[in-house]
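Worksheet: the structure to be examined is printed underneath.
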Amino acid sequence: MRIRELKSREIWVVVLLVYLITCLIPLGAPFEMSDITVEIYEFIDELPEGSIVVIGGSAVFAFDLESSASLIACIKQMHRNNLRIVCAPYGVEAVQFEKYCVDAARVDKKYGGNWEYGIDYVQLPYMAGGAAAYVAFLDDVHTAIATDVAGTPLDEIPLMRDLQNYEDIAAWICPHWAFDMIVRYVIAEKDIPGIYFAQSAAYGSYVPYMMAYPGKCWMTNGFLGGAQYERLEGVPGLGHAVVDSYALMSIVYVGFVVLGNITMYTAREEEEDEIQ
Amino acid sequence: MISTDPWIWLSALMTICSFSLLYGDNPLFRFAEHTYTAIVVGHSVVTGIATLESRFLPLFTGAKPLLIVPLILGLMSLFIVWRRYAWVASIPISIMIGVGTALSMRALIATEILSNISAVIRESALILVGPPVTSLGYLIRVVFTLSGVFYLLFTVGHRGPISKPLSYLREFGKYVFLCYLGLSVGNATMQLSGLATSCISRLINQWLGL
Amino acid sequence: MSKTLTYYRTYLVRALIVICMLVTLASWYLVSPQIDAVANELQIWNMNIATFTLFVGLVTILSRYVNGVKNRSENWPFMLYATVLIFVWIIFGTITGIYADVYQVAFLSTKITLHIAILGQLIFYMTSAAYKLFRIRTFRTALYATCTIALVLLNSPLILGPFPIADKISFWLLNNPSMAGSRALMLTGGIGGAVLGIRILLGLEKGALRATEEL
Chain A
73 MRIRELKSRE IWVVVLLVYL ITCLIPLGAP FEMSDITVEI YEFIDELPEG SIVVIGGSAV
133 FAFDLESSAS LIACIKQMHR NNLRIVCAPY GVEAVQFEKY CVDAARVDKK YGGNWEYGID
193 YVQLPYMAGG AAAYVAFLDD VHTAIATDVA GTPLDEIPLM RDLQNYEDIA AWICPHWAFD
253 MIVRYVIAEK DIPGIYFAQS AAYGSYVPYM MAYPGKCWMT NGFLGGAQYE RLEGVPGLGH
313 AVVDSYALMS IVYVGFVVLG NITMYTAREE EEDEIQ
Chain R
14 MISTDPWIWL SALMTICSFS LLYGDNPLFR FAEHTYTAIV VGHSVVTGIA TLESRFLPLF
74 TGAKPLLIVP LILGLMSLFI VWRRYAWVAS IPISIMIGVG TALSMRALIA TEILSNISAV
134 IRESALILVG PPVTSLGYLI RVVFTLSGVF YLLFTVGHRG PISKPLSYLR EFGKYVFLCY
194 LGLSVGNATM QLSGLATSCI SRLINQWLGL
Chain E
1486 MSKTLTYYRT YLVRALIVIC MLVTLASWYL VSPQIDAVAN ELQIWNMNIA TFTLFVGLVT
1546 ILSRYVNGVK NRSENWPFML YATVLIFVWI IFGTITGIYA DVYQVAFLST KITLHIAILG
1606 QLIFYMTSAA YKLFRIRTFR TALYATCTIA LVLLNSPLIL GPFPIADKIS FWLLNNPSMA
1666 GSRALMLTGG IGGAVLGIRI LLGLEKGALR ATEEL
């Protein structure tokens, strides 16, 4: 019996239905905890109070959304542990992304948290120049940048008085795609521990760095890593929602591949029968 | 209950316009496409203005008058869009190429080449150490890395008695990359699925309030 | 332009590249406060010059759209709309500031929503493409399809529930065979990058400067 070839739009309707169902009816799909996510969580927990953590990198907001699941949970963790963060954007949309994550974490006093801008967290302006920007920032922050994103001179910002160069940085978190720059200039040259909340499409490309710099470089894997970090911090968010929809979507995806092969084999059998 | 926030309505309109491409090319998608392009360009300019104010503040306050040089060079770089005088932009671009290339070279050698080679050597020593699954993992890492490098670096044809075994090694390297690409694509479906979840859930939960 | 001027212009550019490269490399491999100071200054200049590239897109897009509207080319009403929107956005962003909440909400509701929707559509195309292309006829397609499907399933929570070990298997696959392929690419890419740097130093590569050199 020959199975008809499905048209693309028929497949898209099924995919759309999957997402509509999971948006309307949360499945609460289970997932396992990875050792590496726990290792990152414990590393952040062990940082001394008042340590400065830089969140920086360069990429596109839409790609980085996948990292936001982990980053928002991590910011909440750092807020709980009284750490301090400096957001250092090296991409045009990185300013907006880092602001989005800090606002979503609800750590500022205007949202009921304890953090105050300038004392507990600072947003720096976009730094163009690629590698030169990273190197200049790490060597001398106050020479590389003059003001924060709002135009306030760095000398007038209490947090930035404690950040002069790479020696004052306890860890670097990269929620953006271009992790290779962080590895080259932050982890390898300056020996600063680096954490990458990797997008799942980027994980395969950058995982060799985790093997090349064991104990200094860690990576989570996409939305799954985000859901794991959210569970560790106790703040279900985008990661949990995605895991739900992915539970059904993955089965549908594999189902269509199997169906396509069955379609091909039934068509081939029929052609062979016709020839005979 | 359906949202009354105008920003959420705007966001929903943009999502629907973008998804309309699945039905076919249509004016709604063209509207979304041109909105996207305009805002990307506009945002770049807004960011540029804000960044320039920050970067050249020491020049305007007199703290660092030498910054007049990069200001002039930066203005020269804009000549790239003017075909007749595009050569003017080659001077600031050459400075960027020189500095960027040198920084990349020193980093590539250390991180991309030496650290990976030392990782391969370290893992070779661990092949016979530890539980079987871990040993197998280290063996796969070493063998796959070497055959992949062999495939990429030695693609010229060989003659003589060793050409056949070398061709098998190159063929194996090809399959190593097939494996890598297949696993990467499989992992990447999670990202795209998540992005679709994000925009559809915004429509259903935030806009329609369901 | 006279040949003499073209000659000087071309070699000035190459000299600048070599000088900047040598100063930057010397500041890393040698110990000299003077070279360090020059290299740091060059890096700051690099950052400042790169900022101006943010305005190149404006000129390029505007020239295309204005010509499109003037010549009434296809989609010219949309080009006119986009041109107006560019200026409205620039004025809006300059007045409110890039870190303002209202600018953030506007940016998220428009550009980011559109970009996420465009990328989110890819899962639809990927699923229909997988249906049509993952037809197992040869060993190569079998290998590729098996690897893809294996990881899709191993990451799936519906498999992780009854078989928790699936998580460890997926990480083993990503951290061993997949990592090895990526590492091979990284090694050879690093070698290629280093060779390219040396070729630029020796003036054998014209690259992006070709467009500005030849007139």
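As they're listed, the protein sequences go chains A, R and E.
Per our numbering, the very first residue in the first sequence carries number 73; after that it's consecutive.
Per our numbering, the very first residue in the second sequence carries number 14; after that it's consecutive.
Per our numbering, the very first residue in the third sequence carries number 1486; after that it's consecutive.
C-beta: ideal position from N, C-alpha, C; glycine also.
Give the DSSP bridge partners of A/Arg156, in chain order. A/Ile124
Return helix, strand or coil for A/Pro280, following the three-state DSSP convention. helix
Using a Cβ-Cβ cut-off of 8 angstroms (strictly less than) and excluding sequence neighbours within five positions of E/Ala1696, which residues of its own chain qualify? Note that E/Ala1696 scores a pLDDT of 47, beneath 50, so its modelled location is shaky and nothing firm can be said.
Taking 7 angstroms as the CB-CB cut-off, is E/Arg1549 touching chain R? no
With A/Trp429 as the anchor, note down where its beta strand (DSSP E) starts and where it stops. Outside the modelled stretch of chain A, which goes from 73 to 348, sits residue 429 of chain A, for which no answer is possible.
Under the rule that 16 or more other beta-carbon atoms within 10 Å means buried, what is R/Gly186, buried or exposed? buried
Give me the Cα-Cα distance between E/Thr1595 and R/Tyr188, rounded to the nearest whole angstrom. 43 angstroms
Identify the continuous alpha helix (DSSP H) that holds A/Ile334 and give its terminal residues. Leu310 to Ile347
Nearest CA to the CA of R/Ala123: which residue from A/Val329, A/Arg256 and A/Phe169? A/Arg256
Leaving out five residues before and five after R/Arg183 in sequence, what residues of the same chain have Cβ atoms less than 6 angstroms from its Cβ? Tyr164
Taking a contact to mean a Cβ-Cβ separation below 7 angstroms, would you say E/Ala1630 touches E/Phe1648 in this structure? no
Alpha-carbon to alpha-carbon, E/Ser1558 and A/Ala270: 43 angstroms
Residues bridged to A/Cys289 [DSSP beta-bridge criterion]: A/Gly266
Where in the stretch 23-80 of chain R do unbroken runs of the beta strand (DSSP E), each at least 3 residues long, occur, reported from the N-terminal end onward? none
Count the C-beta pairs between the stretch 174-183 of chain R and the stretch 1564-1580 of chain E that are closer than 8 angstroms, then say yes if the count reaches three, no if not. no
Is it buried or exposed for E/Phe1563, if we count other Cβ within 10 angstroms and need 16 for buried? buried
List the whole-angstrom C-beta distance separating E/Met1532 from A/Ala208, where the pair is believed to meet the contact cut-off of C-beta under 8 angstroms. 6 angstroms
Which partner residues does E/Tyr1493 have in the DSSP bridge list? In the DSSP output, where bridge partners are listed per residue, E/Tyr1493 has none listed.
Is the Cβ of E/Leu1700 closer than 7 angstroms to any Cβ of chain A? Because E/Leu1700 sits at a pLDDT of 42, beneath the cut-off of 50, its placement in the model cannot be relied upon, and the point is left open.
State the Cα-Cα distance for the pair E/Gly1682 and E/Tyr1492, rounded to the nearest angstrom. 23 angstroms
Is the CB of R/Ser180 under 7 angstroms away from at least one CB in chain A? no
If we call anything under 7 angstroms between Cβ atoms a contact, is R/Asn129 one with A/Tyr275? no
Beta-carbon separation of A/Ala131 and A/His214 under 7 angstroms? no
Could you work out which residues of chain E lie near R/Leu116, taking near to mean beta carbons separated by less than 7 angstroms? Thr1509
Of the residues R/Cys192, R/Val101, R/Thr28 and R/Phe167, the one placed nearest R/Ser180, counting alpha carbons only: R/Phe167
Listed by chain order, chain A residues near R/Thr60 by CB distance under 8 angstroms: Val164, Val167 and Tyr198
When burial is assigned at 16 or more other CB atoms within 10 Å of the CB, is E/Gln1519 buried or exposed? exposed
Do E/Leu1543 and R/Val112 count as a contact pair if the criterion is CB distance below 7 angstroms? no
Should A/Met73 go down as buried or exposed, given a rule of 16 or more other Cβ atoms within 10 Å for buried? exposed
Helix, strand or coil: which one does DSSP assign to A/Trp187? strand
Would A/Cys146 count as contacting chain R if we go by Cβ distances under 7 angstroms? no
Against A/Cys246, what residues of chain R qualify as contacts under a CB-to-CB distance less than 9 angstroms, listed in chain order? In chain order: nothing, as chain R lies at least about 14 angstroms away.
Check each candidate in R/Val162, R/Asn218 and R/Ile81 and name the one with the smallest Cα separation from E/Ile1676. R/Val162
Listed from N- to C-terminal order along the chain, which residues in the stretch 20-46 of chain R have their beta-carbon within a distance smaller than 7 angstroms of any beta-carbon of chain E? Trp20, Leu23, Ser24, Met27, Thr28, Ser31, Phe32, Leu34, Leu35, Arg43, Phe44 and Ala45
Output needed in chain order: residues of the stretch 89-103 of chain A with a Cβ under 9 angstroms from some Cβ in chain R. Tyr91, Leu92, Thr94, Cys95 and Leu96
Whole-angstrom C-beta distance between E/Ser1613 and A/Trp244, which should lie under 8 angstroms: So it is not a contact: roughly 40 angstroms between Cβ atoms.
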